[in-house]
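**Q** Going down the list, the protein sequences come from chains A and B.
With the numbering used here applied, the first sequence corresponds to residues 1 to 522, in that order.
With the numbering used here applied, the second sequence corresponds to residues 1001 to 1089, in that order.
Before we start, here is the structure in question, set down as structure tokens.
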Amino acid sequence: MPREDTINGERLKLSGYEPTDQSDWVTGLHPMDEMLRGERLPHIWCQGCGLGTALTTFISALQWLEKNQKWDLDKVAIVSGIGCTGRVAGYIRLDSFHTTHGRAIPFATGLKLAKPELNVVVFSGDGDIAGIGGNHFIHAARRNIDINVICVNNFNYGMTGGQVGPTTPHGARAVTTQYGNFEYPFNLPYLAAAGGASFMARWTVLHARRLEWTLRQAMAHRGFSFVEIIAPCSTSYARWNPEGQGLDPQKLRRRGLEVMKHYQKVGKIAHHTHPKDATITVDGNGLITEIIEGVFIDDPKPDFQAAIEQMAHSAKEKWIAAKKTLDERLQLPGRTDYVPRTEVQLGGFGGQGIMSAGNIIGQAATIYDKLRASLTQSYGPEARGGAAGSQVVIASDPIHHPHLIEPTSMIIMSQEAYAKYVVNLSAGGILFIDDGLVRLPRNHRQDIETFGISATQIAEDLGNSRAANTVMLGFWTAIGGVVSKPAMIQSLTDSVPPKTIEVNLKSFEAGYRKGLRIKGRQ
Amino acid sequence: MVPHGIVQIIEERCKGCGFCVEFCPRGVLVISQHTNAKGYHPPEIIESTICADCGLCALLCPDFAIYVERSETSLEKKIEPDTRKKFKS
């Protein structure tokens, strides 16, 4: 109904929408009419089609749940894709959603995640779910999201004229495989089980009563529940295949019924069959000789939402523990003097600890010296051996731009990084190099100060060559002096693995002493 | 006691698929000789006294054209065997 408002006593229709006459929408002729959109009936499904029966059993299951389990049908949403079965969303008088081809499950996933209180049912065909939307199907099953997928399988693309589809049995005829289908079909419950669904069943529409019980069970199930309904396609599939009596003109108007009678013969109820063995067997002519039916798996494993909650719970515990150690961390007085924007470039090859060195500087500055810092990183796709760089900006004021504008000091630990970064160092800047690894070229810049330390050699002598970055940090701290030594030591202790704290502290001290000596000489 | 049902047919909705006639466990229905407005032959009640209100016809009907109402009377437990056969050649 459009919203109506009153201004100065005049009633105004805000939307301008005139509601259509709904008097004939609910005819009340049939007990299920209250669940149907009367204005859209009669439906398009052919004489003898199984889809009507699938819809009847579904409505019957919903009515039972409403009556006996006190379900609120306003909290049930139907999502359909494209195809004959896709029209269910249009015929049922519930909140329903007719989506693009194959995308019924993604829409349903979004619906369920946004409104977890809804009972979302996907009602679509085999082409829509297993063909065009096959990938969505296996991934929804993998997540075990709490939606109910009802897939009506009529073995072909019925609406477009009966082309071969992903479930057409091997050897069966379709309009595009007149000499028999040479492909092998999907076993849909097995596909769902392999994906990780927690409920799967198969029934033919003939077993309407059992199908209704299973639908009740599936809708009440928490997790991804999949029900495959085998339905006759009286016009397309049955025309080409023996169970519909082929092209026999005597049976022309009764093909759906012939297929139903055939289901009565070949249906075999075997609950708890492993989905692998729950096959639809065909003979050489494509005649179905056995359909294994029943509820194959009903597994109460946690669904997607429960898994999210579980993960959130454990993450919260981890965070509380982490926060406790952070709160108990040593507090340093911090720097009170003003530090202007200082930019540091670190460069080397992957594995030298360039990233962690940048991190240690930033942490020392922000947490222990109570300054502000930002860290950006750049590296190639390789984890070890490629070029790596990290950029740290330290200042007392807020940092509005995290990238380097005028780097005033650089820590360079490889020849490649020298070639790449040193050109950017501002005039009068300080360059720190590992002189065991970097050879200064003849045209080395004269407008910068250069200090060298054989960091890798020193770290190796102290027992761990991977502490070379720590030697460089000690060296940089002594000469550069942007971050205080106690802050660096604390930050270093927090960051390196516990076993290597000792060797790292020794390396830092060695670098620091070397730096002080050079500084004293000047 | 067996409940007794009264079958109600909405003829204009019927598409004549024959599911209700074929699968009625007691043989209450047959295909009629007359047609509805669409030209299909709707089912017709031939033996109204034996319907046990199982509701299978209502569940199987794809066109929402048949349903069963519970009668106030009830049936004897046993019915004549082979009523089903009697009306079907």
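Glycine included, every Cβ here is placed at the ideal spot set by N, Cα and C.
1) Grab me the residues of Ile1009/B's own chain with a C-beta within less than 7 angstroms of its C-beta, minus the 5 sequence neighbours each way, in chain order.
2) Taking beta-carbon pairs under 7 angstroms, can you tell me which members of the region 1018-1036 of chain B lie near chain A?
3) Glu34/A by DSSP, collapsed to three states: which one?
4) Which residues in chain A sit within 7 angstroms of Cys1051/B, going by Cβ to Cβ distance?
5) Relative to the C-alpha of Ile288/A, which candidate in Ile479/A, Asp447/A, Val259/A, Ala417/A has its C-alpha closest?
6) Leaving out the 5 sequence neighbours to the left and right, which residues in its chain are closer than 7 angstroms to Glu271/A when beta-carbon positions are compared?
7) If we cut at 8 angstroms on Cβ distances, does Gly1005/B have a partner in chain A?
8) Is Asn443/A helix, strand or coil by DSSP?
9) Is any beta-carbon of chain B found at less than 8 angstroms from that of Thr56/A?
10) Any beta-carbon of chain A closer than 8 angstroms to the one on Pro1062/B?
11) Cutting at 7 angstroms between CB atoms, please list the residues of its own chain near Asn504/A, excluding the five before and the five after it.
12) Taking Cβ-Cβ distances shorter than 8 angstroms, what residues in chain B pair up with Lys261/A?
13) Based on Cα-Cα distance, which residue from Cys84/A, Arg442/A, Gln457/A lies nearest to Ala510/A?
14) Among Asp434/A, Gly428/A, Pro398/A, Tyr157/A, which one has its Cα closest to the Cα of Ile412/A?
15) What is the DSSP secondary structure of Asp298/A, reduced to helix, strand or coil?
16) With a CB to CB cut of under 6 angstroms and the five nearest residues on each side skipped, what residues in its chain are close to Gly127/A?
17) Would you report the Cα separation of Val205/A and Gly86/A, rounded to the nearest angstrom?
18) Considering only residues of the region 297-342 of chain A, which uninterrupted beta strand (DSSP E) runs meet the minimum length of 3 residues and lie entirely inside it, listed in chain order?
19) Using three-state DSSP, classify Asp277/A as helix, strand or coil.
20) At a Cβ threshold of 8 angstroms, is His207/A touching chain B?
21) Figure out for me which residue from Gly48/A, Pro486/A, Glu34/A has the closest Cα to the Cα of Ser236/A.
22) Please check the pair Asn285/A and Pro242/A, which I expect to be a contact at CB under 8 angstroms, by giving their CB distance rounded to whole angstroms.
23) Flag His30/A as yes if its beta-carbon sits less than 8 angstroms from any beta-carbon of chain C, otherwise no.
24) For Arg202/A, name the three-state secondary structure that DSSP assigns.
25) Residues of chain A with CB under 9 angstroms from Arg1013/B, in chain order?
26) Using a C-beta cutoff of 8 angstroms, does Gly1016/B count as contacting chain A?
27) Give the residues of chain B in contact with Leu257/A, contact being defined as C-beta atoms less than 7 angstroms apart.
28) Any idea if Ala487/A is buried or exposed, counting beta-carbon neighbours within 10 angstroms, 16 or more meaning buried?
29) Mapping DSSP to helix, strand and coil, what is His262/A?
30) Using alpha carbons as the reference points, say which of Arg222/A, Cys151/A, Leu111/A, Trp240/A lies closest to Gly171/A.
31) Counting pairs of beta carbons, one from the region 132-145 of chain A and one from the region 54-74 of chain A, are three or more of them closer than 8 angstroms?
32) Express the C-alpha separation of Val423/A and Pro407/A in angstroms, rounding to a whole number.
33) Is Ile1010/B close to chain A? Criterion is C-beta to C-beta, closer than 8 angstroms.
34) For Leu371/A and Asp461/A, I'd like the C-alpha separation in whole angstroms.
35) Kindly indicate if chain A contains any beta-carbon less than 8 angstroms away from that of Leu1075/B.
36) Are the Cβ atoms of Ala225/A and Ala218/A separated by less than 8 angstroms?
**A** To lay it out plainly:
1) The sequence position of residue 1009/B within the second sequence is 9, counting from 1. Counting only Cβ-Cβ distances below 7 angstroms, and skipping sequence neighbours, we find Pro1042, Pro1043, Ala1065, Ile1066.
2) Within the region 1018-1036 of chain B, the residues whose Cβ lies closer than 7 angstroms to some Cβ of chain A are Gly1018, Phe1019, Glu1022, listed in chain order.
3) In the first sequence, counting from the first residue as 1, residue 34/A sits at position 34. Taken through DSSP and simplified to helix, strand or coil, Glu34/A comes out as helix.
4) Reading the second sequence from its first residue, position 51 is the one you call residue 1051/B. In chain order: nothing, as chain A lies at least about 16 angstroms away.
5) Along the first sequence, read from residue 1 onward, the residue named residue 288/A stands at position 288. Taking only the C-alpha atoms, the option nearest Ile288/A is Val259/A.
6) To locate residue 271/A, count along the first sequence from 1; it is residue 271. Residue identity check: residue 271/A is His in the sequence provided, not Glu. When the five nearest sequence neighbours on each side are left out, the beta carbons in the same chain lying within less than 7 angstroms of the beta carbon of His271/A are those of Gly294, Val295, in order along the chain.
7) Numbered from its first residue, the second sequence carries residue 1005/B at position 5. No, Gly1005/B lies away from the interface with chain A (no Cβ there is under 8 angstroms from its Cβ).
8) Position 443 of the first sequence, counted from the start, is the residue given in the question as residue 443/A. Under the three-state reduction of DSSP output, Asn443/A falls in the coil class, being neither helix nor strand.
9) Position 56 of the first sequence, counted from the first residue, corresponds to residue 56/A. Interface flag for Thr56/A against chain B is set, since a Cβ pair is found closer than 8 angstroms.
10) Your numbering for residue 1062/B matches position 62 in the second sequence. The beta carbon of Pro1062/B sits closer than 8 angstroms to some beta carbon of chain A.
11) By 1-based counting over the first sequence, the position of residue 504/A is 504. Within the same chain, Cβ atoms closer than 7 angstroms to the Cβ of Asn504/A are found at Ala467, Thr470, Leu492, Val496, the five residues on either side in sequence being excluded.
12) Numbered from its first residue, the first sequence carries residue 261/A at position 261. Scanning chain B for C-beta atoms nearer than 8 angstroms to the C-beta of Lys261/A yields Glu1022, reported in chain order.
13) On the first sequence, residue 510/A is found 510 positions in, with the first residue counted as 1. When C-alpha distances from Ala510/A are compared across Cys84/A, Arg442/A, Gln457/A, the shortest belongs to Gln457/A.
14) As a working mapping, residue 412/A is identified with position 412 in the first sequence. Of the listed residues, the one whose Cα sits closest to Ile412/A is Asp434/A.
15) Counting from 1 along the first sequence, the entry for residue 298/A is found at position 298. Reduced to three states, the DSSP call for Asp298/A is strand.
16) Walking along the first sequence from the start, residue 127/A turns up at place 127. Gly83, Tyr157, Gly165, listed in sequence order.
17) Translated into the one-based positions of the first sequence, residue 205/A becomes position 205. Translated into the one-based positions of the first sequence, residue 86/A becomes position 86. If you draw a straight line from the Cα of Val205/A to the Cα of Gly86/A, it is about 17 angstroms long.
18) Taking 3 residues as the shortest admissible run, the region 297-342 of chain A contains no complete beta strand (DSSP E) segment at all.
19) The residue you call residue 277/A lines up with position 277 of the first sequence. Reduced to three states, the DSSP call for Asp277/A is coil.
20) Indexing the first sequence from 1 puts residue 207/A at position 207. No, because no Cβ of chain B sits closer than 8 angstroms to the Cβ of His207/A.
21) The residue given as residue 236/A occupies position 236 in the first sequence. The option with the nearest alpha carbon to Ser236/A is Gly48/A.
22) Against the first sequence, residue 285/A aligns to sequence position 285. Against the first sequence, residue 242/A aligns to sequence position 242. Right, their Cβ atoms sit about 6 angstroms apart.
23) Structure shown: chain C not included; protein chains present are A and B.
24) As a first step, residue 202/A must be located in the first sequence, where it is residue number 202. Residue state, collapsed to three classes: strand.
25) Taking the first residue of the second sequence as 1, we reach residue 1013/B at position 13. Going along chain A in sequence order, the residues near Arg1013/B (Cβ under 9 angstroms) are Leu29, His30, Leu41, Pro42.
26) Taking the second sequence and counting its residues from 1, one reaches residue 1016/B at position 16. Look at Gly1016/B: its C-beta is under 8 angstroms from a C-beta on chain A.
27) Numbered from its first residue, the first sequence carries residue 257/A at position 257. The contact set of Leu257/A on chain B, defined by CB atoms closer than 7 angstroms, consists of Cys1017, Gly1018, Phe1019, Glu1022 in chain order.
28) Mapped onto the first sequence, residue 487/A falls at position 487. So Ala487/A counts as buried.
29) Taking the first sequence and counting its residues from 1, the one referred to as residue 262/A is at position 262. In the three-state scheme derived from DSSP, where H, G and I count as helix and E and B as strand, His262/A is classed as helix.
30) Residue numbering aside, residue 171/A sits at position 171 when the first sequence is read from its first letter. Per the Cα distances, Trp240/A.
31) No, they do not touch.
32) For this step, residue 407/A is matched to residue 407 along the first sequence. For this step, residue 423/A is matched to residue 423 along the first sequence. Looking at the two C-alpha atoms, the distance is approximately 10 angstroms.
33) Residue 1010/B sits at position 10 when you count from the first residue of the second sequence. Taking Cβ atoms only, chain A reaches closer than 8 angstroms to Ile1010/B, which makes this a yes.
34) For the purposes of this step, residue 371/A is taken as the residue at position 371 of the first sequence. For the purposes of this step, residue 461/A is taken as the residue at position 461 of the first sequence. Going from the Cα of Leu371/A to the Cα of Asp461/A covers about 34 angstroms.
35) Position 75 of the second sequence holds residue 1075/B. Answer no: the Cβ-Cβ gap between Leu1075/B and chain A never drops below 8 angstroms.
36) What you label residue 225/A is simply residue 225 of the first sequence in a count that begins at 1. What you label residue 218/A is simply residue 218 of the first sequence in a count that begins at 1. One detail in the question is off: residue 225/A reads as Ser in this sequence, not Ala. Yes, the pair counts as a contact, with Cβ atoms nearer than the cut-off.
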